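K.L.:
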Amino acid sequence: MTMIDTAYSRPMELRHIRYLLAVADHGNFTRAAESLHISQPTLSQQIKQLERGLGVVLLDRSGRTVRLTDAGEVYAGHARMALRDLDAGERAVHDVQDLSRGQLRIATTPTFTAYLVGPLVHRFRSEHPGIALTVRETTQDLIEADLIADRLDLGIAFSGPHAAGIEHTALFVETLGLVVGPSHPLGETAGALPVGRLARASLGLLSSDFATRGHIDAYFAECGVEPDIAVEANSISALLEFTRRGSLATVLPDAITRVYDELRPVPLSPALPSRTVELLRRHTAYHSAAARAFAQVVHEVAGEYR
255 MTMIDTAYSR PMELRHIRYL LAVADHGNFT RAAESLHISQ PTLSQQIKQL
305 ERGLGVVLLD RSGRTVRLTD AGEVYAGHAR MALRDLDAGE RAVHDVQDLS
355 RGQLRIATTP TFTAYLVGPL VHRFRSEHPG IALTVRETTQ DLIEADLIAD
405 RLDLGIAFSG PHAAGIEHTA LFVETLGLVV GPSHPLGETA GALPVGRLAR
455 ASLGLLSSDF ATRGHIDAYF AECGVEPDIA VEANSISALL EFTRRGSLAT
505 VLPDAITRVY DELRPVPLSP ALPSRTVELL RRHTAYHSAA ARAFAQVVHE
555 VAGEYR
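So the mapping is simple: my numbering equals the position in the sequence shown, first residue as 1, plus 254.
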């Protein structure tokens, strides 16, 4: 093939790849064609051209749902990685090194929104107002999956086993603790409160879909205490509001009491578990100037919690 032939065929090959992945994702030629804004016969013809060029059948069309063949699975896996890297390359070309403009996608696990995300975003926006931020709150598993798939630039979560391809840097240690409002009687406790006392205290806790709740439950089980859980909430802001009004105690990161002056930390005996907070990103990925600048801000703000 001549150099001119290659130059003309490469855009066609990219289109073939995107078409194949669309059919694989939708499991149907009609829906894939609609998503691509092309006709279904055109899509079918383009996929057949790709199969003829590779000399293999990539799609099993025999059932009601179109599926990748074994060869198609292998090819699609490499194709997704190639497109991901090409997209990263395009961002690199358009990356503005002076940070006068740009975009940044970050995600955190839920408890950080109560005390860490606000200062981070405020400081970053003060220094780089031209960068548009997308901030999401989600689970650690989804953060890592989205980093690997290049749907995120940075994540803030916890140490532990990470997915292959995730680069992680320690920031600070987050300690869980008992938190009460200004009028709660446990707030007057002198010294550390024996955990057994919580069997008689009404607690408001995060619901079981939070990873933090798993740590809390394991702590109580290890201490042999069955807490009085009066309220469960899947919203940290709601839980803080309940606690602030004084009738409930809760278990949340100690650092939250630095942000909410009316909340008070109550040390427990034995102490609740701690976790190392980490900055996550995809290993070997292109990191934009905005991502590098945000990482620097994260490390600066994290220093206030060490």
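Cβ atoms here follow ideal geometry from the backbone N, Cα and C, with glycine treated the same way.
None of the values given here were measured: they were computed from a predicted structure.
Looking only at its chain, what residues have a beta carbon closer than 7 Å to the beta carbon of residue 479, apart from the 5 residues adjacent to it on each side?
P.N.:
So the qualifying residues of the chain are 449, 450, 452, 453.
K.L.:
For residue 489 and residue 458, I'd like the C-alpha separation in whole angstroms.
P.N.:
Going by the C-alpha atoms only, they are around 11 Å apart.
K.L.:
For a test of your reading of the model: does the CB of residue 306 fall under 8 Å from any non-hydrogen atom of the ligand SAM? Yes or no.
P.N.:
The ligand SAM is not part of this structure, which contains no ligands at all.
K.L.:
Between residue 549 and residue 533, is the Cβ-Cβ spacing less than 9 Å?
P.N.:
Result yes, Cβ atoms of residue 549 and residue 533 sit closer than 9 Å.
K.L.:
Nearest to residue 517 by CA position, among 322, 378, 501, is which residue?
P.N.:
When only C-alpha atoms are compared, the closest one is 501.
K.L.:
On a Cα-Cα basis, can you pick out the residue from 402, 370, 360, 403 that is closest to residue 392?
P.N.:
It is 360 whose Cα lies nearest to the Cα of residue 392.
K.L.:
Please say whether residue 524 and residue 445 have beta carbons closer to each other than 9 Å?
P.N.:
Not a contact, by the Cβ cut-off of 9 Å.
K.L.:
Could you check the C-alpha separation between residue 487 and residue 357 for me, to the nearest Å?
P.N.:
Taking the straight line joining both Cα atoms gives about 33 Å.
K.L.:
Secondary structure at residue 293, three-state DSSP: helix, strand or coil?
P.N.:
In the structure shown, residue 293 sits in coil (DSSP, three-state: anything other than H, G, I, E or B).
K.L.:
Can you give me the C-alpha to C-alpha distance between residue 397 and residue 316, rounded to a whole angstrom?
P.N.:
Each residue's alpha carbon lies about 36 Å from the other.
K.L.:
Compare the beta carbon distance of residue 438 and residue 547 with 9 Å and say whether it is the shorter of the two.
P.N.:
Their beta carbons are not under 9 Å apart, which means residue 438 does not touch residue 547 by this criterion.
K.L.:
If distances are taken between C-alpha atoms only, which option among 425, 386, 413, 311 comes closest to residue 407?
P.N.:
It is 386.
K.L.:
Out of curiosity, what's the CA-to-CA distance linking residue 342 and residue 270?
P.N.:
Their backbone Cα atoms lie some 20 Å apart in a straight line.
K.L.:
Does the separation of the CB atoms of residue 433 and residue 364 fall below 9 Å?
P.N.:
Contact flag unset, no.
K.L.:
Mind checking residue 424: buried by the 16 CB within 10 Å criterion, or exposed?
P.N.:
Under this definition residue 424 is an exposed residue.
K.L.:
What residue range does the beta strand (DSSP E) around residue 504 cover?
P.N.:
Segment 503-507, the beta strand (DSSP E) holding residue 504.
K.L.:
Can you name the residues that DSSP bridges to residue 456?
P.N.:
DSSP output for residue 456 lists 482 as bridge partner(s).
K.L.:
To which residues of the same chain is residue 514 closer than 8 Å at the C-beta, ignoring the five residues directly before and after it?
P.N.:
Hits under 8 Å: 494, 498.
K.L.:
Just to confirm, are residue 552 and residue 410 a CB contact at a threshold of 9 Å?
P.N.:
Yes, the Cβ-Cβ distance between residue 552 and residue 410 is below 9 Å.
K.L.:
Throw me the rounded Cβ distance for the residue 312 and residue 297 pair, which I believe falls under 8 Å.
P.N.:
Contact doesn't hold; Cβ gap of about 13 Å is too wide.
K.L.:
Go ahead and label residue 463 buried or exposed: buried means 16 or more other beta carbons lie within 10 angstroms of its beta carbon, across all protein chains shown.
P.N.:
When all chains shown are included, residue 463 counts as exposed.
K.L.:
Take residue 477 as the anchor and find which of 527, 507, 429, 504 has the nearest alpha-carbon.
P.N.:
For the residues 527, 507, 429, 504, the minimum Cα distance to residue 477 belongs to 527.
K.L.:
Applying the criterion that 16 or more other CB atoms from any shown protein chain within 10 Å of the CB defines a buried residue, is residue 319 buried or exposed?
P.N.:
By the neighbour-count rule (16 or more Cβ atoms within 10 Å), residue 319 is not buried but exposed.
K.L.:
According to DSSP, what are the bridge partners of residue 528?
P.N.:
In the DSSP output, where bridge partners are listed per residue, residue 528 has 429.
K.L.:
Please check the pair residue 353 and residue 544, which I expect to be a contact at CB under 8 Å, by giving their CB distance rounded to whole angstroms.
P.N.:
Indeed, because the Cβ distance is near 6 Å, the residues count as touching under 8 Å.
K.L.:
Determine the contact status of residue 326 and residue 314, defining contact as a CB-CB distance below 9 Å.
P.N.:
In this structure, residue 314 lies closer than 9 Å to residue 326 by Cβ.
K.L.:
Cutting at 6 Å between CB atoms, please list the residues of its own chain near residue 455, excluding the five before and the five after it.
P.N.:
Result list for residue 455: 503, in chain order.
K.L.:
Would you give the residue range spanned by the alpha helix (DSSP H) that residue 372 belongs to?
P.N.:
Segment 371-381, the alpha helix (DSSP H) holding residue 372.
K.L.:
Find out if the Cβ-Cβ distance for the pair residue 278, residue 330 is shorter than 9 Å.
P.N.:
Their beta carbons are under 9 Å apart, which means residue 278 touches residue 330 by this criterion.
K.L.:
Please classify residue 362 as buried or exposed, where buried requires at least 16 neighbouring CB atoms within 10 angstroms.
P.N.:
Label assigned to residue 362: buried.
K.L.:
Thinking residue 430 and residue 469 are a contact (beta carbons under 8 Å), I'd like their distance in whole angstroms, please.
P.N.:
The Cβ separation is near 7 Å, so the contact holds.
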